[in-house]
Amino acid sequence: MVTTLVASRVSPGRVGAVIGRNVGALRSGPSYWIVLLSGFFEPLLYLLSIGVGVGALIGELTVGGRTMSYASFVAPAMLAVSAMSGALAETTFNFFFKLKYMKTFEAVLATPVRPIEIAVGELVWSIARGSLYTAIFLVVMVVMGLAEPGWALAAFPATVLVGLAFGGLGMAVSTLMRGWQDFDLMGTGQFALFLFSGTFSPVQDYPVGVEVLIQLTPLYHAVELVRGLCMGMLGWGLLGHAAYLAVLAGAGVWFASRRLTRVLCD
């Protein structure tokens, strides 16, 4: 419902103008490309160090009745983390800087572009960054024998949905930030999600209370969706994970646009 409401109020042309502004900024120098590409390597290093290195000591796991290597278990989780990190980097630090310091959005609102179209344009731009990370990561997984090419292709749209969800969440959180110090809290929360969302061990290994808490978090649903597709473990539960992420994306864009209206137009 929220997603339908957001879509009905958006002009594709004005959203394209917001994206075009970001493309123009991208062409202004090589520094952004360096920052962009550097974000890909963190999950890759975790995969190589923990998935492959520690995995050599752990051996195999049985998940959902299927036995797999530890690296095969960790790799889809790192893929989901890569999509999350790419989207959040754009919709938190960069978004906040443009909102609070560069005053970019104030200038944009002097044109016919509305707050909802700023939010959607920034979200689409964040998905482009996250999709670059995940496309490269999927190639690495296939080369390493951690995913079949067909299932890797099936998992790519799921990573786009993960980027949508975390991009919307990132923008919503950024509109509430008072200053750079608040990003310490966000970083702590993001790192906690990274460690305790079924990334490095099945959530069933935790106490029941902790397991239920983890199952309420967005990265858990992202990891389960991406892992199920990468491993070919299809089931109705994947639709539930996808629905959770879709609702989160729509709610995040709606909330961010409302906050932008209040902050910039009041």
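Just so you know, we're using our numbering here: the sequence shown kicks off at 1 and counts up by one.
Even glycine gets a Cβ: it sits at the ideal position worked out from N, Cα and C.
For clarity, every value in this text was computed on a predicted model and none was experimentally measured.
May I ask which residues mark the beginning and end of the beta strand (DSSP E) holding residue 60?
According to the DSSP assignment, residue 60 belongs to the beta strand (DSSP E) that extends over 60-63.
Closest residue to residue 199 among 188, 76 and 189 (Cα-Cα distance)
Ranked by how close their Cα comes to the Cα of residue 199, the residues 188, 76 and 189 have 76 in first place.
What would DSSP say about residue 11, mapped onto helix, strand or coil?
In the structure shown, residue 11 adopts coil according to DSSP, grouped into three states.
Top-ranked residue by Cα proximity to residue 165, from 220, 228 and 19:
The shortest Cα separation from residue 165 among 220, 228 and 19 belongs to 220.
If I follow the unbroken beta strand (DSSP E) through residue 67, where does it start and stop?
Counting along the chain, the beta strand (DSSP E) containing residue 67 begins and ends at 66-69.
C-beta atoms of residue 123 and residue 246 nearer than 8 Å:
Not a contact, by the Cβ cut-off of 8 Å.
Quick check: the Cα distance between residue 117 and residue 99, rounded to an integer number of angstroms?
Approximately 14 Å, taken between the alpha carbons.
State the DSSP-derived secondary structure class of residue 206, mapped to helix, strand or coil.
Three-state result, residue 206: coil.
Which of the three DSSP states, helix, strand or coil, is assigned to residue 141?
In this structure, residue 141 counts as helix in the three-state DSSP scheme.
How many angstroms separate the CA atom of residue 234 from the CA atom of residue 228?
When rounded, the separation of the alpha-carbon atoms in residue 234 and residue 228 is 6 Å.
Does the segment 143-151 come within contact of the segment 197-213, defined as at least 3 CB pairs closer than 8 Å?
Using a Cβ-Cβ distance cut-off of 8 Å, the segment 143-151 and the segment 197-213 are not in contact, since fewer than three pairs of beta carbons, one from each stretch, lie closer than that value.
Whole-Å CB distance - residue 255 paired with residue 174, under 8 Å assumed:
Not quite, the Cβ-Cβ distance comes to about 11 Å (not below 8 Å), so this is no contact.
In whole angstroms, what is the alpha-carbon distance linking residue 183 and residue 177?
If you take the alpha carbons of residue 183 and residue 177, they lie about 8 Å apart.
In whole angstroms, what separates the C-alpha of residue 318 from that of residue 209?
This structure gives no information on residue 318, because the portion of the chain shown stretches from 1 to 266.
With burial defined as no fewer than 16 other Cβ atoms inside 10 Å of the residue's Cβ, what is the status of residue 125: buried or exposed?
In the assembly as shown, residue 125 is a buried residue. Its beta-carbon has 16 or more other beta-carbons within 10 Å.
Expressed to the nearest angstrom, what Euclidean distance is found between the alpha-carbon atoms of residue 251 and residue 243?
Residue 251 and residue 243: Cα-Cα distance of roughly 12 Å.
Going by the beta-carbon positions, is the gap between residue 197 and residue 159 smaller than 8 Å?
For the pair residue 197 and residue 159, the CB atoms are not nearer than the 8 Å cut-off.
Inter-residue Cα distance where the pair is residue 8 and residue 109
Below a pLDDT of 50, predicted positions are generally treated as unreliable, and residue 8, at 47, falls in that range; the measurement from the model is reported next regardless. Spanning the two alpha carbons is a distance of roughly 19 Å.
Tell whether a beta-carbon distance below 8 Å holds between residue 115 and residue 261.
Residue 115 places its beta carbon less than 8 Å from that of residue 261.
Residue 231, DSSP secondary structure in three states
Three-state result, residue 231: coil.
Excluding the 5 residues flanking residue 137 on each side, which residues of the same chain have their C-beta closer than 6 Å to its C-beta?
Result list for residue 137: 79 and 82, in chain order.
Measuring only the C-alpha atoms, how far is residue 46 from residue 111?
For residue 46 and residue 111, the distance between alpha carbons rounds to 44 Å.
Put residue 103 into one of helix, strand or coil per three-state DSSP.
Three-state DSSP puts residue 103 in coil, outside helix and strand.
Go ahead and pull the three-state DSSP assignment for residue 112.
In the structure shown, residue 112 sits in coil (DSSP, three-state: anything other than H, G, I, E or B).
Three-state secondary structure assigned by DSSP to residue 151:
Under the three-state reduction of DSSP output, residue 151 falls in the helix class.
Exposed unless 16 or more other CB atoms sit within 10 angstroms - verdict on residue 12:
Using a 10 angstroms sphere on the CB of residue 12, the tally of other CB atoms stays under 16, which defines it as exposed.
Which residues in the same chain have their Cβ closer than 6 Å to the Cβ of residue 121, if we skip the five residues on either side of it in sequence?
Cβ within range, chain order: 15, 18 and 19.
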